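Reviewing the structure listed below.
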Amino acid sequence: MTVSSTPINLTRAAHVGISVSDLDASIAFYTALTGRPPVAEGTMHSVPFGLSQGLPVARLRYATINLDNSLGIDLIQFQEPVGERTNGVANRPGSMHLCLRVDDFDAVHRRMKEAGYDFLGDDYTFVAGEVTPEAALGTRVAYFNDPDGTNLEIIKPEGGFAS
Numbered sequence: 142m143t144v145s146s147t148p149i150n151l152t153r154a155a156h157v158g159i160s161v162s163d164l165d166a167s168i169a170f171y172t173a174l175t176g177r178p179p180v181a182e183g184t185m186h187s188v189p190f191g192l193s194q195g196l197p198v199a200r201l202r203y204a205t206i207n208l209d210n211s212l213g214i215d216l217i218q219f220q221e222p223v224g225e226r227t228n229g230v231a232n233r234p235g236s237m238h239l240c241l242r243v244d245d246f247d248a249v250h251r252r253m254k255e256a257g258y259d260f261l262g263d264d265y266t267f268v269a270g271e272v273t274p275e276a277a278l279g280t281r282v283a284y285f286n287d288p289d290g291t292n293l294e295i296i297k298p299e300g301g302f303a304s
């Protein structure tokens, strides 16, 4: 695909959509993670909507959880057609992650471990010689997955990452 370099100026996010295999389990997971219940739940069955996504039809259940900065997390369980799990490992082109900002990294990380969240590895603090710009030094991150393997991150940003 060749795309023109003409600026489109899309600068505000509305939501991130996450395909899930079990909507009820995902609602429970994301409600516990965010402390927020869904603001909307519903169903859809539409051939035109499916076609707009490159699918023959879209029959689905969904729920939306809103975060403080007005970003919605749309959890979508496709019932027709049912898709295969992507196993979106971080280094695979096309995979992405949802990053959640925290103010007290140690407290949140500890609470998550105590609650049974499985982190993919140890938490990490950006150090000199491994990251640029230098203003990012001290940023702390930890990565984990939701029940379907969606990549998630908590971050306590510093410097250039903090804006």
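Residue numbering for the sequence shown follows our numbering, beginning at 142 and increasing consecutively. Positions of the beta carbon are idealized from the N, C-alpha and C atoms, including for glycine. In this text the structure is predicted, and so the values were computed from the model without any measurement.
Item	Value
Span separating the alpha-carbon of LEU261 from that of TYR284	6 Å
Neighbourhood of ASP264 by C-beta distance below 8 Å, restricted to the same chain and skipping five residues each side	PHE246, HIS250, ARG281, VAL282, ALA283
Alpha-carbon to alpha-carbon, THR273 and ASN232	19 Å
Chain-order list of residues whose beta-carbon lies under 6 Å from that of SER187 (same chain, five-residue window excluded)	ALA199
ILE214 vs VAL161 beta-carbon contact at 8 Å	no
Buried versus exposed call for GLY183 [16 or more other C-beta atoms within 10 Å across all chains shown]	exposed
CA-to-CA distance, LEU241 to ALA204, given in whole angstroms	19 Å
Three-state secondary structure (DSSP) of TYR171	helix
Cα-Cα separation between GLY171 and GLY300, rounded to whole angstroms	The amino acid occupying residue 171 in the given sequence is Tyr; Gly does not appear at that position. In a straight line, the C-alpha of TYR171 is about 29 Å away from that of GLY300.
Option in PRO298, GLY235, SER193 with minimal Cα separation from VAL268	PRO298
Anticipated Cβ contact below 8 Å, SER236 with ASN292, distance rounded	6 Å
C-beta atoms of PRO222 and LEU196 nearer than 8 Å	yes
For ASN207 and VAL180, believed in contact at Cβ under 8 Å, the rounded distance	5 Å
Cut-off 8 Å between Cβ atoms - residues of its own chain near ALA154, not counting five sequence neighbours on either side	LEU212
Simplified DSSP state of ALA325, which is helix, strand or coil	Lying before the first or after the last residue shown, residue 325 is absent from the chain, which here runs from 142 to 304.
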